[in-house]
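Read the structure below first, then the notes.
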Amino acid sequence: MQTPLSRRTALKASGITVALPLLESMSIAVDGTQHPPPKRMVCICNTLGLHAPSLFPTTTGSNYESTEYLDILQRHRKEFTLFAGLSHPDQVGKDPHDTEMTFLTSARNPGLGGFRNTISIDQFAAEKIGNVTRYPSVSLSSNRKKSQSFTRNGVMIPADDMPSQVYTKLFLRGSQKEIRQQRQRLADGHSILDSVIEQIRSIERTTPSTDKRQLEQYFDSIRVAETELNNSEVWLDRPKPSVQTVTPENIADPSDLVGRVRSLLNLIPLILQTDSSRVISVVIQSDHGTPNIDGVSDGHHPLSHHGRDPERIAQLKIIEMEILTCLSDFLDGLKQPSENGSDLLEQTSVLFGSNLGNANAHDPRNLPIILAGGKHKHGRFIQHNKKDNVPLCNLFVSLLQSMGIEADRFGSSTGTIDM
Amino acid sequence: MRLFRYLLRKYFVAWAYLLATNMPCVHAENDFHAVENLVQTACISCHDAETETHLNLNALDKPDVSPEAFQQWVLIFDRIQRREMPPPDSFVPSDEARHAALSTLKKELSQINKQARKQNGRVPSRRLSRREYEHTLHDLLGIGGEIAKYLPPEDESGAFDVVATNQEMSSVHVKGFLKAAEAALDEAIELGPKPNMKRELDYANSRYMQMWFERPVRRGGGTVFRDNDDLIMFRGENYNLRSDANGLRFSTPGRYRITVTGSAYQPRSSVTMSLKRQNDIQGSSELFAAWDVTEKMRTVSTIHYFRPDDYFYVSADELEPAPDGKVIYNSQPASEFRGEGVRVREVLVEGPLETTWPPRRTRSLFPGVEWEPTVNKRSYRPVTTKSHYQHIRDAVAAIAPRAFRRPVTKKEITDLANLAIPSLKAQRGFLASARIPLTAILISPHTLFLTNDLQKNKSKLTDHALASRLSYFLWRSPPDEELLRLANEGRLSEPSTLSTQVDRLLADKKNQLFIHDFTDQWFELDQIDATTPDIKLYPEYDDVLRRAMLAETREFFSYLLKENLPIRNLIDSDFTFLNRRLAEHYDIKGVFGETMRKVSLDASSPRGGILGHASIAKVTANGSVTTPVKRGNFILTHVLGLPPNPPPPDIATIEPDTRGTTTIRQMLLKHQSVETCARCHQHIDPPGFAMEGFDPVGTYRQHYRIGKNMKQSLQPGLRVKRVGYNLGPRVNTSGVTVEGDVFRNIRDYRNLLCESTKQIARNTLSQLIIFATGGDIEFSDRDEVERILSATQSDGYPLRSLVHHVVTSPLFRNQ
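Protein chains in written order, with this note's numbering: chain A, 1 to 419; chain B, 1001 to 1815.
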């Protein structure tokens, strides 16, 4: 097992000793040299797709003719690229919505017998660049704890679905007593885990070698957990960033789809700007019931099965346009000054898309994929073969590389992509 | 010959090596000739690299090369044996050739399987699933809160959460177990002041309610009013009726008795008065009690577990709008509204229901420790008679054997108790120090893992491993004192003792956890909230109905088990379990009150057997629509245990079109015309067609409901409902099975399905074995499955007997 560098070591090695996370201090080392600004990543998945005829232009390239949906993003035209003809191969699974599990991983045949998920792109990136921030990654969900972030073992990292809890975790300073208790708790955690490791060793002595897989996994997992606990211990000493906003309120009513999405997305500029984390994933779930939007009288999920009924499509479009408006406003929110005077959006690659290309038929091909920010060459509509799709993972590889992460392959990639 | 190329891919080497060292030559090349002959004459023309099938026999390794190749050959064996392959329109081999190939293949596969078994045992050690961990902490610590939520969800690949090979482990789990154990101890150690035992939630006189009595509709008021000392409500909302805001908080976690006196207000028929719990921090809510009430005042009570961050509220369901169609919002003031409501006279809360204080759970965690109130009376503190260390040692000695499910050595106790020493030295106090070894016990591998300890030089499990397996099977919880005592005495493995214990475990109320977890996973009842039907199309679907739906299936299954009824009942029974609400939903007369009870069914009823359960209709629906494919797949996979192949990669899915011109059925006709689709869909679609008579919420329908262009209006009937649909095209429930049998509806289909009773028994038995042992049914287990089937055939494979046979089978008794 590979032990990642502890944050303390990493920080010592890089010569940063000042209190984090002051953004300026991150980019200017003690010797006064400027470091390039950090790269960040936000992956947003709208799990019920986007109505393709309203989204995809008929003309490609940088002079593409805008569409109903793209009109909403008009003011960001130079800041994003739209892709068509991308998908993950072999996504026929147990349940047609199981592709939600694989949107960021590309594991094949989700949910079928013997299926095991693989690492998601956000966690892959977090492994590489997450060790310098308080939280290696943040996973958010608009309803319930299901996320699209999966560890190397294919284990889901539960999402946060309450903005107030995220805010408290990230920005609110505990009292001295709370911090002391937390530190004590971590120390107790260490001695407990050490004792558990001793117990595993003693069991292993009497267990036949072929029956150790699970025990060994427990052993390895404890080692990783200890490292992670060490890391959070380092951060206990550092004050949390102070932000000049009030704790957001949780929206209890799941049918307020737009309100919930908006309040989650509003957190992201704060998280990035304070460098609390550089990797964020967001899931817009399919189980909000009937969204309380004017003109919408059925559930988002049922409407996505519109059966080509124009009235139902019209209602679906109302919901999707609201979601795209949230995206557009979110991109505005990222256009704030950041390290080196550049804006946050330029450092942040925003991947917005869906695991379904056509939710009416549960078709996991021809996914709607928008890449925004991150100083990529934008303003284009790039259409790949609609029948014979290019692996979405090729885009993932290019994205990782653009963030300075060494990766030749990811998931089902076969190469890289022009972006 | 190119037929079997030995492609030893890298990660298969270990496996092959293992086999090779144990069996120098399992198969003489000659033996396999019969199989090769069949392949060459009957299979290869379709299954080679050039044809578009899943299988390329030219590239397939021999079964002993890799687990994947082995699985593939098992599949080939099954399909030839069931005569699904080769298809009738192609070359059909002679019975002789077929038989020769099958028996060779069977011998070969069994041998490979048994060899691998010899080395690895049938099932590896496994950890407790997140549900089992919750049940375990509940049992060990006497608590009741939600614990599973601290752990990541289990793998959802369709198997039970206990299947060892599907279980995951990661640092997320480790931190989750740690958090869960800490939260559980927080709940177990209760040292707050003794709470006031009996309190009233006085809605009518609460200051908070006053505000809602006065507020106008547009500011959230107007849905309640006060009539003398009664509260009249027309909606049962959480924001105004929540207990915490109305002055009643749960200071400590525990079981509380809630007694409500109320009646229906200006009812036309009975209405439902219910209790709901909500937790805004955890983001969870549940309906935990519901009663039918009429104009006559009724006093009812229930006991439920609450945590301090929970609140509850009295709610109302099945309320009809006013006769003039008005709803409360446009009929103000509320006292003038003529629709149905609920009158609440008194709400009493007693609890926490404890006989001592601090509660028993805290006392039994620390045997020998006395407790006294602190000077300011705000909490209790321990009065120790021995050294703190000695008391901690006693606490460890008391819980460790229960958690580890076996006697614990002195050294183990010392090692664990010693974890408290640094903290004791640092003067952190008795409780803080005691928590360290206690937490270590709760996440110890001895607690978390079900290891398959074997008797010396035998393949049988030790009595203690057997006790754990048995209690986690039928209770989903650790063994109790009696099981542990029998294991300590070495008597549990005696057949008569074991059989007595099975009956004892089945009779205990903890068996409900088995019923719950098993049906939740086998019939996917845990998916009931995966989609929600549109409220205008299906206004009858609410929490009260949802609860009754789930109760029907669980009580039904529980009854089959208790009464040892033949397995045929699972698909065709002349009874089911209903309360007034569900009976009305099924249009069955003469069932009154909220209690579920056994009800006989007419021969003409579409109900009977689980296929007629509304819960099954609901979990197999997609929101407001149903598809025969999903339901057919459910019957094949979950009822018959013969899951169809996944659709071939890169075929176009059919895009639903509900504009009214084509029905789902017409679209599925494509399945029959395209050969590649037809091969599987001739199996999948017919059972789905038979189920099409049940709408997404399980009503038996003649017509589809169409919501297009519909304004909501009042629908007269037993209960006046506000609906937003019209009746559309007629539902066609007829079809032809793959065997060519014609059916008109679910009743006909059920009769046809009864011919597969043995297969249904085989599947039920297999599911029980998998759930009980945590290991899938493998090729060499099949003989044992068939043996049990023969032994129970004359009695019609009764369910309780199947459970007994599973427990006494070597599959259960061995690793």
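The beta-carbon is built from N, C-alpha and C at its ideal position, and this holds for glycine as well. Keep in mind the model is a prediction, meaning the values are calculated, not measured.
What B:Lys-1458 touches in chain A, judged by beta-carbon distance under 8 Å, is nothing: the nearest beta carbon there is about 14 Å away. Interface residue (Cβ-Cβ distance to chain B less than 8 Å): A:Asp-237 is not classified as such. Measuring C-alpha to C-alpha distances from B:Gly-1632 to each of B:Leu-1611, B:Ser-1615, B:Thr-1519, B:Gly-1623 identifies B:Leu-1611 as the nearest.
Here B:Phe-1694 carries a strand assignment [DSSP, helix/strand/coil].
Between A:Asn-358 and A:His-306, the C-beta gap is not smaller than 8 Å, which leaves the two residues out of contact. Bounds of the alpha helix (DSSP H) holding B:Asn-1751 are 1746-1754. Its chain contains Thr-247 as the residues whose beta carbon lies nearer than 8 Å to that of A:Thr-168, once the 5 sequence neighbours on both sides are disregarded; these appear in chain order. B:Glu-1778 is outside the set of residues whose beta carbon lies under 8 Å from a beta carbon in chain A.
With contact defined as three or more Cβ pairs closer than 8 Å, the region 1472-1483 of chain B and the region 1504-1518 of chain B are in contact. Scanning its chain for C-beta atoms nearer than 7 Å, with the 5 sequence neighbours on each side dropped, one finds around A:His-51 the residues Ile-313, Leu-316, Lys-317, Glu-320, in chain order. Between A:Asp-160 and the set B:Ser-1110, B:Gly-1254, B:Ile-1281, the nearest pair of CA atoms involves B:Ile-1281. Runs of the beta strand (DSSP E) lying entirely within the region 1539-1589 of chain B, each at least 3 residues long, are 1575-1578 in chain order. In this structure, DSSP gives A:Cys-43 an extended state, which the three-state scheme calls strand. Within the same chain, Gly-1176, Lys-1179, Ala-1180 come within 6 Å of B:Tyr-1150 by CB-CB distance, once the 5 residues on both sides are set aside. Residues of the region 153-177 of chain A with a C-beta atom less than 9 Å from some C-beta of chain B are Asn-153, Gly-154, Val-155, Met-156, Ile-157, Pro-158, Asp-161, Met-162, Gln-165, listed in chain order.
A:Glu-249 sits exposed, since fewer than 16 C-beta atoms from the chains shown fall within 10 Å of its C-beta.
Contacts between A:Gln-214 and chain B, judged by CB atoms closer than 8 Å, involve Pro-1124, Ser-1125, Arg-1126, Arg-1127, Ala-1164, Gln-1167, Met-1169, Phe-1449 in chain order. For B:Val-1172, the closest Cβ of chain A is nearer than 8 Å. Measuring C-alpha to C-alpha distances from A:Leu-327 to each of A:Leu-272, A:Ser-263, A:Gly-299, A:Ser-413 identifies A:Ser-263 as the nearest.
The three-state secondary structure of B:Glu-1068, taken from DSSP, is helix. Interface with chain B (8 Å Cβ-Cβ cutoff): A:Leu-112 is included. Remark: C-beta atoms of A:Ser-402 and A:His-384 do not approach each other more closely than 8 Å. As computed with DSSP, B:Leu-1461 is found in a beta bridge with B:Leu-1454. Chain B has no Cβ within less than 8 Å of the Cβ of A:Tyr-135. Against chain B, the CB of A:Ala-252 has a partner CB under 8 Å away; the residue lies at that interface. Setting aside the 5 residues that flank it on each side, A:Ile-222 is surrounded in the same chain by Leu-193, Val-196, Ile-197, each with a C-beta closer than 7 Å to its C-beta; the list follows chain order.
At a cut-off of 8 Å between beta carbons, B:Asp-1280 contacts chain A.
Under a 10 Å Cβ-count criterion, B:Phe-1091 is classified as exposed, with fewer than 16 other Cβ atoms of the shown protein chains found around its own Cβ. Under the DSSP assignment, B:Gly-1192 falls outside any beta strand (DSSP E); it carries neither an H nor an E label.
When the Cα atoms are used, B:Glu-1594 and B:Lys-1509 turn out to be separated by approximately 21 Å. Following the DSSP letters along the chain, one finds B:Arg-1485 in no beta strand (DSSP E) but inside the alpha helix (DSSP H) bounded by residues 1481-1488. Neighbourhood of A:Ala-359 in chain B, by CB distance below 9 Å: empty, with the nearest CB roughly 10 Å away. Between A:Glu-228 and chain B, the shortest Cβ-Cβ separation is below 8 Å. Residue pairing by DSSP puts B:Val-1293 in a beta bridge opposite B:Val-1271.
Close to chain A, meaning a Cβ-Cβ distance shorter than 8 Å, are the following residues of the region 1396-1426 of chain B: Asp-1415, Leu-1416, Leu-1419, Pro-1422, Ser-1423. Between the C-alpha atoms of B:Leu-1601 and B:Arg-1580 there is a straight-line separation of about 15 Å.
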